[in-house]
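Engineer:
Protein chains: 2
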Amino acid sequence: METALAKSPVSPRVEPLGKREQTKVQNRELILEAARQVFAELGFGATTVRDIIRATPLASGTFYNYFKSKEEVYQAIRDDVALAIRPRLREERVKAKSVEEFISSTFRTFMEFVADDQVNFRTIRHTADTTRVRLDTPEVIAGFEELREDIEKAIKEGVFPPVDADFLMASIVGVAFEVSDRMMLREKRDPSAAAIFATALFLGGIRTLPHASHPSSGAGTA
Amino acid sequence: METALAKSPVSPRVEPLGKREQTKVQNRELILEAARQVFAELGFGATTVRDIIRATPLASGTFYNYFKSKEEVYQAIRDDVALAIRPRLREERVKAKSVEEFISSTFRTFMEFVADDQVNFRTIRHTADTTRVRLDTPEVIAGFEELREDIEKAIKEGVFPPVDADFLMASIVGVAFEVSDRMMLREKRDPSAAAIFATALFLGGIRTLPHASHPSSGAGTA
DNA sequence: AGCGATTGGTGACACCACGTCAATTTCGAC
DNA sequence: GTCGAAATTGACGTGGTGTCACCAATCGCT
Chain A
2 METALAKSPV SPRVEPLGKR EQTKVQNREL ILEAARQVFA ELGFGATTVR
52 DIIRATPLAS GTFYNYFKSK EEVYQAIRDD VALAIRPRLR EERVKAKSVE
102 EFISSTFRTF MEFVADDQVN FRTIRHTADT TRVRLDTPEV IAGFEELRED
152 IEKAIKEGVF PPVDADFLMA SIVGVAFEVS DRMMLREKRD PSAAAIFATA
202 LFLGGIRTLP HASHPSSGAG TA
Chain B
2 METALAKSPV SPRVEPLGKR EQTKVQNREL ILEAARQVFA ELGFGATTVR
52 DIIRATPLAS GTFYNYFKSK EEVYQAIRDD VALAIRPRLR EERVKAKSVE
102 EFISSTFRTF MEFVADDQVN FRTIRHTADT TRVRLDTPEV IAGFEELRED
152 IEKAIKEGVF PPVDADFLMA SIVGVAFEVS DRMMLREKRD PSAAAIFATA
202 LFLGGIRTLP HASHPSSGAG TA
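Protein sequences appear in the order of chains A and B. Under the working numbering, think of the first position of the first sequence as 2, with each following residue one higher. Under the working numbering, think of the first position of the second sequence as 2, with each following residue one higher.
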């Protein structure tokens, strides 16, 4: 009995793991953090596994103990984001008692999340190249399927009209991604305005969209 | 005068170019065609310049006389598509006399084009990987900007309500890409149904969408 | 036609990234 | 403290990258 306590007399319980497990978690995070930086700087295409490991105190072989390729690292980064936002979105949707709530809470939650998440946005939007890359990982795709299932459930319960759930899911995804992307390119990020725009579009179509304050609120191409 | 005619007595005027220019055009097309096949088979990420050149009778060095990298080849392929569809879309939009025409002709033209264009679709949607890649080339982005300008013009002329043209452009693009993608994954491709869905969404919102014939018309995940 | 000049194809080469693996270090259990 | 397991290391073979000196084909001119 005494030994067990003596072994960790003052140790905070935040480290209940052995040294082994600790460095394992640490190394993984080291690689992910380095990858975020390098992806943001060079872009996904130009980045090599060597670039990532060089931004780390680890040896090249160690990389392959944690990931199979740079694709898998990228996937892990995106999956982290997806895992963070999926439960929030789902929670909002199950609470929704009407089409209005379903749509507006979905867009509001999504836009606010994206606006807060500068790090991952910069990881994905590499400014170097003019070309834009979008990679949908399994976890992200699972989020899409979840949305479709919720729409189908809402239709069965009579909350939604009996529309094509697959196309509606695709439309919500498309608008959420594209509009959030434009939102992030603006000087002043306004997730509320973006969410209101998308919500109005889905609930009433173009004619119910809010009127823009300035004629060319597009704020240029930059 | 006589010499000029004598130089090509029977030659069809389809080859007014010298031999030099001819093989140049031919080699470029050879590379592009090989690239389309290889991209479709291996996916963009796994494809190497060597894979492309190997699917060709040319030597490796020759590739670099035509393109700097596989990215540039991919860009050329996408730009061909963009150059083919942009004038058609623009023509439809300038003809439009109302919001209804603007939106419906845009989606109809786009969906029909995508449905007809199996080759380029398979080039981009490599079934091998679960992850999906979307690369927007400068030409494609120019098409987006063109759409936004047309929206702004329509607003100035009073055809459109004074909405946020940038967000509206992004929404149209997002829905067009995502819905067309789902359309192409279905057993029976129906560009008309896809266009009607997208049009109804933009003109009147969810509640005016056509009712789906089957409850789960999503046709699974495949 | 014949003949230099020029353009463009060729493939070997130096460089580097990839993924592996045997040797070595580090940790955990007894 | 000692032994076995687990993880790290970096050198290595393989193969892709982009370049360049060389050479063949075409062009312009007489």
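We put the CB at the ideal spot given by N, CA and C, even for glycine.
Within the region 139-190 of chain A, note down every full alpha helix (DSSP H) run reaching 4 residues or more, in order along the chain.
Structural biologist: Runs found: 139-157 and 166-186.
Engineer: Please list the partners that A/Ser-193 has in chain B, where partner means a Cβ-to-Cβ separation under 7 Å.
Structural biologist: The contacting residues do not exist; A/Ser-193 stays about 13 Å from chain B at best.
Engineer: List, in chain order, every chain B residue whose beta-carbon is nearer than 8 Å to that of A/Ile-207.
Structural biologist: Result: Val-100, Ile-104, Phe-161, Pro-162, Val-164, Leu-169, Phe-203 and Leu-204.
Engineer: Counting pairs of Cβ atoms below 8 Å between the region 143-153 of chain A and the region 90-99 of chain A, do you hit three or more?
Structural biologist: Result yes; three or more Cβ-Cβ pairs closer than 8 Å.
Engineer: Mind checking whether B/Phe-64 and B/Ile-78 have CB atoms under 8 Å apart?
Structural biologist: No, the Cβ-Cβ distance between B/Phe-64 and B/Ile-78 is not below 8 Å.
Engineer: So is A/Asp-151 in contact with chain B if we call contact Cβ pairs under 8 Å?
Structural biologist: No, A/Asp-151 does not count as interfacial toward chain B.
Engineer: Closer than 8 Å, CB to CB, is A/Ser-172 near chain B or not?
Structural biologist: Interface residue, yes.
Engineer: What's the gap between the Cα of B/Ile-173 and the Cα of A/Val-176?
Structural biologist: Their Cα atoms are separated by approximately 8 Å.
Engineer: At a CB-CB cut-off below 8 Å, which residues of chain B make contact with A/Val-180?
Structural biologist: Residues of chain B passing the Cβ test: Phe-168, Ala-171, Ser-172 and Gly-175.
Engineer: Name the chain B residues whose beta carbon is nearer than 7 Å to that of A/Ala-213?
Structural biologist: Within 7 Å Cβ-Cβ: Pro-163, Val-164 and Asp-165.
Engineer: Starting from A/Val-120, follow its DSSP beta bridges and name the residues at the other end.
Structural biologist: The partner list for A/Val-120 (beta bridge, DSSP) is empty, contrary to what the question assumes.
Engineer: For the region 164-171 of chain A and the region 188-208 of chain B, state whether three or more C-beta atom pairs, one from each stretch, are separated by less than 8 Å.
Structural biologist: The answer is yes - the region 188-208 of chain B touches the region 164-171 of chain A, with three or more Cβ pairs under 8 Å.
Engineer: State buried or exposed for A/Asp-27, treating a residue as buried only when at least 16 other CB atoms are found within 10 Å of its CB.
Structural biologist: Before going further, note that residue 27 of chain A is Gln rather than Asp in the sequence given. Classification for A/Gln-27: exposed.
Engineer: So for A/Arg-89, helix, strand or coil by DSSP?
Structural biologist: If DSSP states are grouped into helix, strand and coil, A/Arg-89 belongs with the helices.
Engineer: Of the choices A/Thr-110, A/Leu-33, A/Asp-191 and A/Val-39, whose alpha-carbon is the least far from that of A/Pro-88?
Structural biologist: For the residues A/Thr-110, A/Leu-33, A/Asp-191 and A/Val-39, the minimum Cα distance to A/Pro-88 belongs to A/Thr-110.
Engineer: What residues from chain A crowd round B/Phe-111, counting only those whose CB sits closer than 8 Å?
Structural biologist: The contacting residues do not exist; B/Phe-111 stays about 13 Å from chain A at best.
Engineer: Just to confirm the assignment, what range does the beta strand (DSSP E) spanning A/Leu-136 have?
Structural biologist: Element bounds for A/Leu-136: 133-137.
Engineer: Who are the Cβ neighbours of A/Asp-151 in its own chain at under 6 Å, not counting the five residues just before and after it?
Structural biologist: Cβ neighbours of A/Asp-151 beyond the five flanking positions: Arg-94.
Engineer: Looking at the secondary structure, which residues open and close the alpha helix (DSSP H) in which A/Thr-200 lies?
Structural biologist: Note, A/Thr-200: alpha helix (DSSP H), 192-205.
Engineer: Could you tell me whether any Cβ in chain B is nearer than 8 Å to the Cβ of A/Arg-87?
Structural biologist: No, its Cβ sits nowhere closer than 8 Å to a Cβ of chain B.
Engineer: Which of the residues in the region 50-69 of chain B, read from start to end, lie with their CB under 9 Å from any CB of chain A?
Structural biologist: Per Cβ criterion, the list is empty.
Engineer: What do you get for B/Leu-6, buried or exposed, if any count of 16 or more other CB atoms within 10 angstroms of its CB means buried?
Structural biologist: Residue placement at B/Leu-6 is poorly supported in this model, since its pLDDT is 35, which falls under 50; the coordinates still yield a value, given next. The residue in question, B/Leu-6, is exposed, as its Cβ has fewer than 16 Cβ neighbours within 10 Å.
Engineer: B/Gly-46 CB to nearest chain A CB: under 8 Å?
Structural biologist: Chain A, which has a Cβ nearer than 8 Å to the Cβ of B/Gly-46, makes this yes.
Engineer: Can you find the residues in the same chain that come closer than 8 Å, C-beta to C-beta, to B/Val-50, ignoring five residues on each side of it along the sequence?
Structural biologist: Hits under 8 Å: Ser-61, Phe-64, Ser-70 and Lys-71.
Engineer: Please list, in chain order, all residues of the same chain as A/Glu-211 whose beta carbon is under 7 Å from its beta carbon, the five residues on each side excluded.
Structural biologist: Before going on, a small fix: residue 211 of chain A reads as Pro here, not Glu. So the list reads Ile-197, Phe-198 and Ala-201, once near-sequence residues are dropped.
Engineer: Taking the straight line between their C-alpha atoms, what separation do you get for B/Thr-57 and A/Ile-125?
Structural biologist: Near 34 Å, if we compare the C-alpha coordinates of A/Ile-125 and B/Thr-57.
Engineer: Just reading off the alpha helix (DSSP H) that A/Thr-24 is part of, what are its end residues?
Structural biologist: Residues 20-43.
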